[in-house]
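Quick note, my numbering runs 1231 ahead of the 1-based positions in the sequence shown.
Backbone N, C-alpha and C define an ideal beta-carbon position, used for all residues, glycine too.
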Amino acid sequence: MALRHQQKVYLPKDVRSNQYITAEIIVTDALLAHYPDYKTCYQTLSRAIFNLAEQEELYNIHVITNDKLPVVRFHTEAYCFPTAEQIIFFYNPEYHEAQTLHSQDDYRARKIRIVLLATGEEIRSNSANFHIKVQSFLAKLMPQLPEKDLKIKIRDHQHLSYDLFAKAKGNKESYGYKLRSISDRYRARQCPLPDGHGSLCYVTVKLPLSRKLKQALLPTHTDDFTPLYKKLEDTFIQAASGNKLNRIAMVANGLTPLVRNSKFDQVDGTDEVQMLGFDPNIEELQYIRHWDGNRLVETVNFTIAAGVKDSKDDGLSRYLNRVEDALKSLTSELALDKSREELIVRFHQHISYKAPE
1232 MALRHQQKVY
1242 LPKDVRSNQY
1252 ITAEIIVTDA
1262 LLAHYPDYKT
1272 CYQTLSRAIF
1282 NLAEQEELYN
1292 IHVITNDKLP
1302 VVRFHTEAYC
1312 FPTAEQIIFF
1322 YNPEYHEAQT
1332 LHSQDDYRAR
1342 KIRIVLLATG
1352 EEIRSNSANF
1362 HIKVQSFLAK
1372 LMPQLPEKDL
1382 KIKIRDHQHL
1392 SYDLFAKAKG
1402 NKESYGYKLR
1412 SISDRYRARQ
1422 CPLPDGHGSL
1432 CYVTVKLPLS
1442 RKLKQALLPT
1452 HTDDFTPLYK
1462 KLEDTFIQAA
1472 SGNKLNRIAM
1482 VANGLTPLVR
1492 NSKFDQVDGT
1502 DEVQMLGFDP
1512 NIEELQYIRH
1522 WDGNRLVETV
1532 NFTIAAGVKD
1542 SKDDGLSRYL
1552 NRVEDALKSL
1562 TSELALDKSR
1572 EELIVRFHQH
1582 ISYKAPE
């Protein structure tokens, strides 16, 4: 492949772009002392947050005071689906707006989490402007809080999602992306980020275990699903290795994978979330597996994380091209029907930092 083509990755024209920013405020005894009870605290703060957001033209905002983890996905209808540990938000950035408090009156939150969802068109092109707007919003919010010197952890989440098999379904049009790191994109748009901010880039893919796939890889009437998982694992590792992708994970335990930088973040799991810790500075193989041959799940999650070298210059386009090559090798070996099955690829980019520094 010519170098000029490697510096771009060609994605289906109907690729979907999402961005949301979370601002986490630690709940302290001093903050709670300003209110008679938790409920009053949460309601008073959320009203101030919503009023300021309206003034700052931020039109889709949620306040979470039950310590549930936000997950954001595109959907033509807007709704949120709470679980014991997560709140999954479905929305279309072009149309949907919200101001919602997600709370539990008698629960003391560890954090007040403000979730700001990008709205409008051209989400990726306007991502720096959205980040600047959120920075301005937070700078105006902090003096309004009754307790001073509170720290905020800001996380900017962005992802592109598309069907790897789009062409096989007749979607021939594509668009060339020259992918860059968030910090490089923001620097070009005069959006300041603190030195030493954290960054992560990775791809996730969910492979449904279809009836056809199980029939092909498992003997009939078996309770041992090890052959299925071993075939998937071996094929995945071989495909990744052949494309020099060294930070990989396969999760087939029914939990939601959550990627973190193992150098800085705690990577313990929970009842719903499987933490995956990768060090982007290490080039040696980092393979994480979580599956049980005695348990059959509906979906297998594959994760491929980028390294520091992948994120330099125009390396992310080459990285995603290599990821696509690996996934095509995997799905070809599994003989998936590209015209009838869907394989959604999600390209994630995250940054995080504390404010004020």
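Counting along the chain, Arg-1304 sits inside the beta strand (DSSP E) bounded by residues 1300–1305.
Per DSSP, the continuous alpha helix (DSSP H) segment holding Gly-1546 begins and ends at 1546–1564. Within the same chain, and ignoring the five residues on either side of Arg-1520 in sequence, the residues whose Cβ sits closer than 6 Å to its Cβ are Met-1481. Restricting attention to Pro-1425, Ser-1472 and Leu-1507, the CA atom closest to the CA of Ala-1483 is found in Leu-1507. Distance from the CA atom of Leu-1424 to the CA atom of Val-1246, rounded to whole angstroms, is 27 Å. For Asn-1492, the secondary structure class from DSSP, reduced to helix, strand or coil, is strand. Ile-1582 counts as buried, since no fewer than 16 other beta carbons sit within 10 angstroms of its beta carbon. In this structure, Ser-1405 lies away from Lys-1270, with their beta-carbon atoms at least 8 Å apart. By the Cβ-count criterion, Glu-1308 is exposed, with fewer than 16 other Cβ atoms from all chains shown falling within 10 Å of its own Cβ. The straight-line gap separating the alpha-carbon atoms of Ile-1468 and Leu-1476 is approximately 9 Å. The segment 1280–1293 makes contact with the segment 1321–1332: 3 or more CB pairs, one atom from each, lie closer than 8 Å. The criterion of a C-beta distance shorter than 8 Å is satisfied by Ile-1535 and Ala-1471.
By the 16-neighbour rule on beta-carbons within 10 angstroms, Gln-1580 is buried.
Residues of the same chain with a CB within less than 6 Å of the CB of Thr-1350, apart from the 5 flanking positions on each side, are Tyr-1290, Asn-1291 and Pro-1324 in chain order.
DSSP, read as helix, strand or coil, puts Ile-1354 in coil. The Cβ atoms of Tyr-1322 and Leu-1283 lie no closer than 8 Å to each other.
DSSP places Ala-1480 in the uninterrupted beta strand (DSSP E) bounded by 1478–1483.
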